[in-house]
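Below you'll find the structure, written out as structure tokens, and then a few comments.
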Amino acid sequence: MPTISVVMSSYNHARFIAQAIDSVLNQSYTDLELVIVENGSTDNSNTVIKSFSDPRIKLHEFKTNRGGSAGMNAAIEYSTGEYIALLNSDDYFLPDKLSKQIAELESKPHLGAVFGLCRVVDERGAPHPDPNRQYLFKNRYFDRLSYLNYFFSQGNSICHPTAVIRRSALERVGTFDTRLRRLIDLDYWIRLFALYEVTILDAELAAHRFLDDESNESGGRPEVWAAARWEYVHILRHFTELDDPTFSAVFQKEIGALALAGLDRRVQLGRIAVSAQHISAQAFGLSLLYEAITLQLPGVTASHVQELAGTLDIFGVAARHDLEITNQRLTQQLYNAQLDLAAIQQTKSWRMTQWARTLLASFKLFRLS
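Heads up: the sequence shown begins at 1 in the UniProt record's numbering, then just goes up one per residue.
Quick look at the structure:
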């Protein structure tokens, strides 16, 4: 039985999967297996995988795509290692990744998982030119409580392919949520960090790739942003399930600043959420406060929630209204300008000077040619 299982769900990454597989097989730590679920790819990913003859590769094939979460869950189920490392089929490991993380886990048995820093690259493997992408996973804290607070108010800052999780922790936390697509990782990190101490090593351990056409599951497309906001609202509910000491420690600053001590957990979390800058957190907070009104909990009133619903404007009604007004004003200005132009074109002087404008246009065209 290998010490570590690297699990991968492969889907339509024929251009990149050979590099991903090589990065595992060429690790300085060799007591491993690579469990790949070929998740119904329609390109030649399966052919590329089968071109490798290393006995450490364990391939399982799906006839149709079942989604990233289902593929990863299946790969984990097929795995046998004491530790589980996650890898996307378009990302890759750096050479000493597993050696560093196994050493950390074996020297600190209380840790549930070890992560690290991430190299953000484009589809050619070069450093990604967008500075926002480069800093995406740079927020590094030294305790799980700070990360949980960041997950709640800002979003994800942990890079998926840097993760190595102890099997016992993974079994307690559970599987990846197959209802989600865009924020699968964030959902899992919240559940993991709620139960276990973790370490984020101060070293680049893996490369995370963004494609030029933004076709990654995490690519910068409007439909991805919209779906991610919706999923975020739902996964924030995990914070209602934190044990009391963890909850108090994660939100200690906010509870003090908003004078929430002694109130019911739902009121505390709801008021913290509506004070956040993230619109999904605000939507989640309004839902919690609405529930609190029904239960007649102290610290919230119906009139306050009604006022918040209008001022926060989580559906962007006011912004759309302003855009419609601006669009109507510009449309009217364009119409007026067209009327003015039509009136000018009907004047005697305009008609008499038409020949000069035609000659000038011809001269400009001649110079350009």
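Even for Gly, the Cβ is constructed at its ideal location relative to N, Cα and C. Remember, it's a predicted structure, so these values are computed and weren't measured experimentally.
**Request:** Assuming residue 413 contacts residue 3 (C-beta within less than 8 Å), just tell me the rounded distance between them.
**Result:** Lying outside 1 to 369, the shown extent of the chain, residue 413 is not represented and no answer is given.
**Prompt:** Can you tell which of 177, 253, 123 has its C-alpha closest to the C-alpha of residue 209?
**Reply:** Here residue 209 corresponds to residue number 209 of the sequence shown, with the count starting at 1. Among 177, 253, 123, the Cα nearest to that of residue 209 belongs to 123.
**Where residue 135 sits in the DSSP three-state scheme** = As a position in the sequence shown, residue 135 is number 135, starting the count at 1. The predicted position of residue 135 is uncertain, since its pLDDT is 49 and thus under 50; a value taken from the coordinates is nonetheless stated next. Residue 135 falls in the coil class under three-state DSSP.
**Asked** Is the CB-CB distance between residue 49 and residue 38 below 8 Å?
**Response** In the sequence shown, counting from the first residue as 1, residue 49 sits at position 49. In the sequence shown, counting from the first residue as 1, residue 38 sits at position 38. Taking 8 Å as the Cβ cut-off, residue 49 and residue 38 qualify as a contacting pair.
**Prompt:** Could you give the distance in angstroms between the alpha-carbon of residue 345 and the alpha-carbon of residue 335?
**Reply:** For the purposes of this step, residue 345 is taken as the residue at position 345 of the sequence shown. For the purposes of this step, residue 335 is taken as the residue at position 335 of the sequence shown. Distance between the alpha carbons of residue 345 and residue 335: 15 Å.
**Item:** Contact set for residue 114: own chain, Cβ-Cβ below 6 Å, skip 5 residues either direction
**Value:** One-based indexing of the sequence shown puts residue 114 at position 114. Taken in chain order, the residues that qualify are 101, 104, 105, 164, 199.
**Item:** Expected contact under 8 Å - CB spacing of residue 281 and residue 142 to nearest Å
**Value:** To locate residue 281, count along the sequence shown from 1; it is residue 281. To locate residue 142, count along the sequence shown from 1; it is residue 142. At roughly 24 Å, the Cβ-Cβ gap does not stay under 8 Å, so residue 281 and residue 142 are not in contact.
**Message:** Within 10 Å of its beta-carbon, does residue 156 have 16 or more other beta-carbons around it, so buried, or fewer, so exposed?
**Reply:** Here residue 156 refers to the residue found at position 156 of the sequence shown. It is buried - the Cβ of residue 156 has at least 16 other Cβ atoms within 10 Å.
**Message:** If contacts are defined as beta-carbon pairs under 8 Å, then residue 197 and residue 144 qualify, I think. What distance do you get, rounded to the angstrom?
**Reply:** Residue mapping note: residue 197 aligns to position 197 of the sequence shown, counting from 1. Residue mapping note: residue 144 aligns to position 144 of the sequence shown, counting from 1. The Cβ separation is near 6 Å, so the contact holds.
**Message:** In chain order, what are the residue ranges of uninterrupted beta strand (DSSP E) at least 3 long that sit wholly in the segment 9 to 68?
**Reply:** 32 to 39, 57 to 62
**Prompt:** Taking just the CA atoms, how far does residue 358 sit from residue 120?
**Reply:** Taking the first residue of the sequence shown as position 1, residue 120 is located at position 120. Taking the first residue of the sequence shown as position 1, residue 358 is located at position 358. Roughly 55 Å between the two C-alpha positions.
**Request:** Could you tell me which uninterrupted beta strand (DSSP E) segments, each at least 3 residues in length, are contained entirely in the segment 150 to 214, listed from first to last along the chain?
**Result:** 164 to 166, 197 to 209
**Message:** Tell me which residues share the same chain as residue 188 and place their Cβ nearer than 8 Å to its Cβ, disregarding the 5 neighbours each side in the sequence.
**Reply:** For the purposes of this step, residue 188 is taken as residue 188 along the sequence shown, with counting starting at 1. Closer than 8 Å at Cβ, skipping near neighbours: 173, 176, 177.
**Item:** Supposed contact pair residue 284 and residue 236 - C-beta distance, whole angstroms, cut 8 Å
**Value:** Reading the sequence shown from its first residue, position 236 is the one you call residue 236. Reading the sequence shown from its first residue, position 284 is the one you call residue 284. That pair is a contact at about 4 Å.
**Request:** Return the CA-CA distance between residue 44 and residue 223, expressed in angstroms with no decimal places.
**Result:** As a working note, residue 44 is residue 44 in the sequence shown. As a working note, residue 223 is residue 223 in the sequence shown. Computed Cα separation, rounded: 27 Å.
**Asked** residue 86: which of 166, 341, 234 sits nearest, CA to CA?
**Response** Position 86 of the sequence shown, counted from the start, is the residue given in the question as residue 86. Checked all of 166, 341, 234; the closest Cα to residue 86 is 166.
**Minimum C-alpha distance to residue 60 - residue among 28, 24, 8, 99** = Walking along the sequence shown from the start, residue 60 turns up at place 60. For the residues 28, 24, 8, 99, the minimum Cα distance to residue 60 belongs to 8.
**Item:** Option nearest residue 110 by Cα separation, candidates 84, 169, 56
**Value:** Locating residue 110 in the sequence shown gives position 110, counting from the first residue. Among 84, 169, 56, the Cα nearest to that of residue 110 belongs to 169.
**Simplified DSSP state of residue 325, which is helix, strand or coil** = Stepping through the sequence shown from its first residue, residue 325 is reached at position 325. Helix, per DSSP.
**Prompt:** From residue 118 to residue 259, what does the alpha carbon distance come to, in whole angstroms?
**Reply:** Taking the first residue of the sequence shown as 1, we reach residue 118 at position 118. Taking the first residue of the sequence shown as 1, we reach residue 259 at position 259. Distance between the alpha carbons of residue 118 and residue 259 is about 38 Å.
**Message:** Do residue 91 and residue 20 count as a contact pair if the criterion is CB distance below 8 Å?
**Reply:** Against the sequence shown, residue 20 aligns to sequence position 20. Against the sequence shown, residue 91 aligns to sequence position 91. Yes, Cβ-Cβ distance for residue 20 and residue 91 is below 8 Å.
**Asked** Sorted by chain position, which residues of the same chain lie with C-beta nearer than 6 Å to residue 279's C-beta, five sequence neighbours on each side aside?
**Response** Within the sequence shown, the letter at position 279 stands for residue 279. Contacts found: 314.
**Request:** State buried or exposed for residue 256, treating a residue as buried only when at least 16 other CB atoms are found within 10 Å of its CB.
**Result:** Mapped onto the sequence shown, residue 256 falls at position 256. Label assigned to residue 256: exposed.
**Message:** Helix, strand or coil, according to DSSP, for residue 124 in the structure here?
**Reply:** Taking the sequence shown and counting its residues from 1, one reaches residue 124 at position 124. Looking at residue 124 - three-state DSSP - the assignment turns out to be coil, as it is neither helix nor strand.
**Request:** Over the uninterrupted alpha helix (DSSP H) stretch that includes residue 273, give me the two end residues.
**Result:** The sequence position of residue 273 within the sequence shown is 273, counting from 1. 265 to 274 is the extent of the alpha helix (DSSP H) around residue 273.
**Request:** Please report the residue range of the beta strand (DSSP E) in which residue 85 lies.
**Result:** As a position in the sequence shown, residue 85 is number 85, starting the count at 1. Its beta strand (DSSP E) spans residues 83 to 88.
**Asked** Is residue 5 helix, strand or coil when you go by DSSP?
**Response** Sequence index remark: in the sequence shown, residue 5 carries index 5 (1-based). Here residue 5 sits in strand by DSSP.
**Message:** With H, G and I counted as helix, E and B as strand and the rest as coil, what does DSSP make of residue 114?
**Reply:** As a working note, residue 114 is residue 114 in the sequence shown. In this structure, residue 114 counts as strand in the three-state DSSP scheme.
**Prompt:** Opposite residue 92 in the DSSP bridges: which residues?
**Reply:** By one-based count along the sequence shown, residue 92 stands at place 92. Answer is 207.
**Request:** Determine, using beta carbons only, whether residue 73 and residue 161 come nearer to each other than 8 Å.
**Result:** For this step, residue 73 is matched to residue 73 along the sequence shown. For this step, residue 161 is matched to residue 161 along the sequence shown. Contact: no.
**Item:** Exposure label - residue 71; buried when at least 16 CB within 10 Å
**Value:** By 1-based counting over the sequence shown, the position of residue 71 is 71. Classification for residue 71: buried.
**Item:** Cβ pair count under 8 Å reaching 3, the segment 286 to 294 against the segment 269 to 276
**Value:** yes
**Prompt:** So residue 227 packs on residue 179, CB below 8 Å; how close in whole Å?
**Reply:** As a working mapping, residue 227 is identified with position 227 in the sequence shown. As a working mapping, residue 179 is identified with position 179 in the sequence shown. So it is not a contact: roughly 12 Å between Cβ atoms.
**Prompt:** In terms of alpha-carbon separation, which member of 75, 247, 46, 295 lies closest to residue 146?
**Reply:** Against the sequence shown, residue 146 aligns to sequence position 146. That would be 247, whose Cα lies nearest to the Cα of residue 146.
**Asked** Any idea if residue 231 is buried or exposed, counting beta-carbon neighbours within 10 angstroms, 16 or more meaning buried?
**Response** As a first step, residue 231 must be located in the sequence shown, where it is residue number 231. Residue 231 is buried by the Cβ-count criterion.
**Prompt:** Among residues of its own chain, excluding the 5 on either side of residue 40, which ones have a beta-carbon nearer than 8 Å to its beta-carbon?
**Reply:** For this step, residue 40 is matched to residue 40 along the sequence shown. Same-chain partners within the cutoff: 11, 62, 63, 64, 65, 66.
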